[in-house]
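The sequence shown: position 71 = 71 (UniProt numbering), numbered continuously.
No residue lacks a Cβ here, since even glycine has one placed at the ideal position from N, Cα and C.
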Amino acid sequence: MTSPNTTATRIDVWLWAVRIFKTRSLSAEAVRAGHAKLNGKAVKPSAQVVPGDRLKVWKDHRYLDLEVTQTLQKRAGAKIATTCYVDHSPPPVTSEVFGALPVRDRGAGRPTKKERRQLDRLRGRNSF
Numbered sequence: 001m002t003s004p005n006t007t008a009t010r011i012d013v014w015l016w017a018v019r020i021f022k023t024r025s026l027s028a029e030a031v032r033a034g035h036a037k038l039n040g041k042a043v044k045p046s047a048q049v050v051p052g053d054r055l056k057v058w059k060d061h062r063y064l065d066l067e068v069t070q071t072l073q074k075r076a077g078a079k080i081a082t083t084c085y086v087d088h089s090p091p092p093v094t095s096e097v098f099g100a101l102p103v104r105d106r107g108a109g110r111p112t113k114k115e116r117r118q119l120d121r122l123r124g125r126n127s128f
């Protein structure tokens, strides 16, 4: 049986072991792409995670803010995995918000400069 401990573990192994990603290669790919940050910094998949570290992971179109409490070397069951971190991330956005976003008609072509600026204002981005 896999038991949690307090030794250092690779970040890609830990993300896989606590079931954030389905496979280790997916977790390593996410870390390499910069979708996982350790204590606010982009790192390589071989970076070591210890209890007390904070991870910010981009997954499923939202950020997960995780605090490491225990490390694992091998993949564990869901009950054990959830005890190895504290989730500080905000609740997921409801589907109503995604449904309220404007959708361009198929075949309408690229948005004009005016339409793009309107979309940027709607999304809360600065438009110059």
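DSSP places residue 53 outside both helix and strand once states are collapsed to three, so it counts as coil. Apart from the 5 residues on each side of it in sequence, residue 18 sits with its Cβ closer than 7 Å to the Cβ of 72, 81, 84, 85 in its chain, given in chain order. Inter-residue distance for residue 12 and residue 92 is about 23 Å (C-alpha atoms, whole angstroms).
Under the criterion of beta carbons closer than 8 Å, residue 88 and residue 65 qualify as touching, at roughly 4 Å. For the 8 Å CB-CB criterion, residue 24 and residue 16 form a contact. Annotated as distal: residue 31 and residue 50, with beta-carbon spacing of 8 Å or more. Across the structure, residue 68 and residue 106 are spaced so that their CA atoms are roughly 45 Å apart.
The DSSP assignment places complete beta strand (DSSP E) segments of no fewer than 3 residues inside the stretch 81 to 122 at 85 to 87, in order along the chain. Within the same chain, Cβ atoms closer than 6 Å to the Cβ of residue 47 are found at 11, 38, the five residues on either side in sequence being excluded. Under the criterion of beta carbons closer than 8 Å, residue 111 and residue 122 do not qualify as touching, at roughly 12 Å.
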